[in-house]
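Working notes, beginning with the structure itself.
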Amino acid sequence: MENSEKTEVVLLACGSFNPITNMHLRLFELAKDYMNGTGKYRVIKGVISPVGDAYKKKGLISAHHRVIMAELATKNSEWVEVDTWESLQKDWVETLKVLRHHQEKLEASSCDHQQDSPRLERPGRKRKWAEQRQDFSQKELLEPKTKDVPKVKLLCGADLLESFGVPNLWKSEDITRIVGDYGLICITRAGNNAEKFIYESDALWKHRNNIHLKLLL
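Note that the sequence shown ends on residue 240 in our numbering; no numbers are left out.
What follows is the structure, given as structure tokens:
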């Protein structure tokens with residue numbers, strides 16, 4: 024399958040990163056290799072999003088220092104980067120909202136690119152340019168702007184997946200939106216029965232085709 028036919032994917036990892044470890048970075052590499060290996064996807068970027076100080080986890084060091092450590096850990100990476108938006112929020116931000124923020128950011132970037140894309144074939148032909156621009160604007164209204172926008176998917180471990188089953192920890196509608204609208208790439212360890220957990224969850228089973236499991240060897 025040609026690259027143009029593959030779905031471009033951005034891997035988003037949320038968490039405390041208190042501190043970031045080599046294993047965190049390895050999860051990105053494993054997920055990228057797995058997704059690219061399916062032949063359906065092409066991972067174009069990885070994003071690390073540390074939680075803000077409002078998360079109030081015991082022993083959590085300041086977001087400022089966690090971000091700096093994450094930036095140092097990824098400074099030589101050509102595709103994994105650190106995003107500070109979540110860490111700068113005064114209130115704790117739910118994972119669904121972080122996913123939405125990054126998807127909307129990609130959509131906004133794509134719209135800007137589309138608006139800049141038309142070019143005059145022959146400079147000076149203003150009337151033709153006006154007609155082309157009008158046709159382009161009408162086409163924009165008819166076609167979804169997000170057609171070729173990369174898709175954000177949540178990168179996580181089996182512990183996060185299984186936390187969906189903890190009573191009152193997640194909103195049921197958030198779980199449905201996360202797996203249904205975005206999707207998961209879950210890196211599991213031997214002994215974690217992620218398949219069984221998905222089978223026993225109505226929401227996860229319904230969207231099982233949007234959950235990708237990779238065993239950590």
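We put the beta carbon where it would ideally sit given N, CA and C, even for glycine.
It should be emphasised that the depicted structure is a prediction, and the values quoted were computed from it without experimental measurement.
Handout entry: Cα-Cα separation between Gln126 and Pro173, rounded to whole angstroms
Key = Reading the sequence shown from its first residue, position 103 is the one you call residue 126. Reading the sequence shown from its first residue, position 150 is the one you call residue 173. Going from the Cα of Gln126 to the Cα of Pro173 covers about 8 Å.
Practice task
Under 8 Å by Cβ, that's how I've got Ile71 and Val103 pegged, so tell me the actual separation to the nearest angstrom.
Solution key: The residue labelled residue 71 in the question sits at position 48 within the sequence shown. The residue labelled residue 103 in the question sits at position 80 within the sequence shown. Contact annotation, Ile71 with Val103: C-beta distance approximately 7 Å; criterion of less than 8 Å satisfied.
Problem - Sub-7 Å separation of His230 and Gly203 beta-carbons - result: Residue mapping note: residue 230 aligns to position 207 of the sequence shown, counting from 1. Residue mapping note: residue 203 aligns to position 180 of the sequence shown, counting from 1. Yes, the pair counts as a contact, with Cβ atoms nearer than the cut-off.
Practice task
Could you tell me the boundaries of the beta strand (DSSP E) in which Glu31 lies?
Solution key: Against the sequence shown, residue 31 aligns to sequence position 8. Taken as a continuous stretch (DSSP letters only), the beta strand (DSSP E) holding Glu31 covers Thr30 to Gly38.
Handout entry: Which residues DSSP lists as bridging Pro73, in chain order
Key = Residue numbering aside, residue 73 sits at position 50 when the sequence shown is read from its first letter. Answer is Gly38, bridged to Pro73.
Practice task
Along the beta strand (DSSP E) that carries Leu177, what are the first and last residues, could you check?
Solution key: One-based indexing of the sequence shown puts residue 177 at position 154. From DSSP, the beta strand (DSSP E) with Leu177 extends over Lys174 to Gly180.
Problem - Which of helix, strand or coil DSSP assigns to Ile198 - result: Working through the sequence shown from its first residue, we reach residue 198 at position 175. In the three-state reduction of the DSSP assignment, Ile198 falls in the helix class.
Problem - Pairwise C-alpha distance: Glu185 and Phe220 - result: Along the sequence shown, read from residue 1 onward, the residue named residue 220 stands at position 197. Along the sequence shown, read from residue 1 onward, the residue named residue 185 stands at position 162. So the two alpha carbons sit approximately 7 Å from each other.
Handout entry: Residues near Val66 in its chain [Cβ-Cβ closer than 7 Å; skip 5 each side]
Key = Along the sequence shown, read from residue 1 onward, the residue named residue 66 stands at position 43. Contacts found: Val32, Leu34, Lys55, Met58 and Asn59.
Problem - Close beta carbons around Lys237, own chain, < 6 Å, minus the five adjacent residues each side - result: Against the sequence shown, residue 237 aligns to sequence position 214. Excluding sequence neighbours, Lys237 sits near Leu53, Tyr57 and Ile210.
Handout entry: Straight-line Cα distance separating Tyr78 from Asp106
Key = Stepping through the sequence shown from its first residue, residue 106 is reached at position 83. Stepping through the sequence shown from its first residue, residue 78 is reached at position 55. When rounded, the distance between both Cα atoms is 17 Å.
Handout entry: Nearest-angstrom Cβ-Cβ length linking Ile208 and Thr118, presumed shorter than 8 Å
Key = One-based indexing of the sequence shown puts residue 208 at position 185. One-based indexing of the sequence shown puts residue 118 at position 95. Between Ile208 and Thr118, the beta carbon gap of about 14 Å keeps them out of contact (Cβ cut-off 8 Å).
Handout entry: Residues that DSSP places opposite His235 in a beta bridge
Key = Mapped onto the sequence shown, residue 235 falls at position 212. Paired residues: Ile208.
Practice task
Alpha carbon to alpha carbon, how far is Gly82 from Tyr205? Give it in angstroms, no decimals.
Solution key: Working through the sequence shown from its first residue, we reach residue 205 at position 182. Working through the sequence shown from its first residue, we reach residue 82 at position 59. Their Cα atoms are separated by approximately 31 Å.
Problem - Beta-carbon contacts of Arg212 that lie in its chain and below 7 Å, excluding the five residues immediately before and after - result: Within the sequence shown, the letter at position 189 stands for residue 212. Once the five neighbours on either side are set aside, the close Cβ partners of Arg212 are Ala181 and Leu239.
Exercise for the section: Would you kindly work out how many angstroms separate the C-alpha atoms of Leu48 and Thr97, rounded to a whole number? Expected result: Walking along the sequence shown from the start, residue 48 turns up at place 25. Walking along the sequence shown from the start, residue 97 turns up at place 74. Whole-angstrom Cα-Cα distance: 8 Å.
Exercise for the section: Can you give me the Cβ contacts of Tyr241 inside the same chain, cut-off strictly under 7 Å, excluding the 5 residues immediately before and after it? Expected result: This structure cannot settle anything about residue 241, because the visible part of the chain is limited to 24 through 240.
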